[in-house]
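Numbering (our numbering), first residue to last: 664 to 734. Notes for the one structure printed next.
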């Protein structure tokens, strides 16, 4: 009789323990304003924090903007 032992490492993939999230937090906020009927102005900010199983940490901050004209 054979038994199969599945360890944690079997699910880590090619990158190993550095690819498995231990903690992941994300936040997004955006604002769209139409000063006149044919113009849209938008801005979006995002923040992210990640900790992997091997306790490597990282933060990300992004800011995007858009200007749209309809004609």
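Glycine included, C-beta positions come from ideal geometry on N, C-alpha and C.
Strictly by DSSP, which residues pair up with residue i?
i	result
residue 699	702
residue 723	711
residue 728	706
residue 684	715
Inspect the beta-carbon positions of residue i and residue j and report whether they are closer than 7 Å.
i	j	result
residue 723	residue 708	no
residue 687	residue 706	no
residue 683	residue 714	no
Report the option in the options whose CA atom is closest to the CA atom of residue i.
i	options	result
residue 728	703, 685, 718, 719	703
residue 732	696, 689, 726	696
residue 689	701, 721, 700	721
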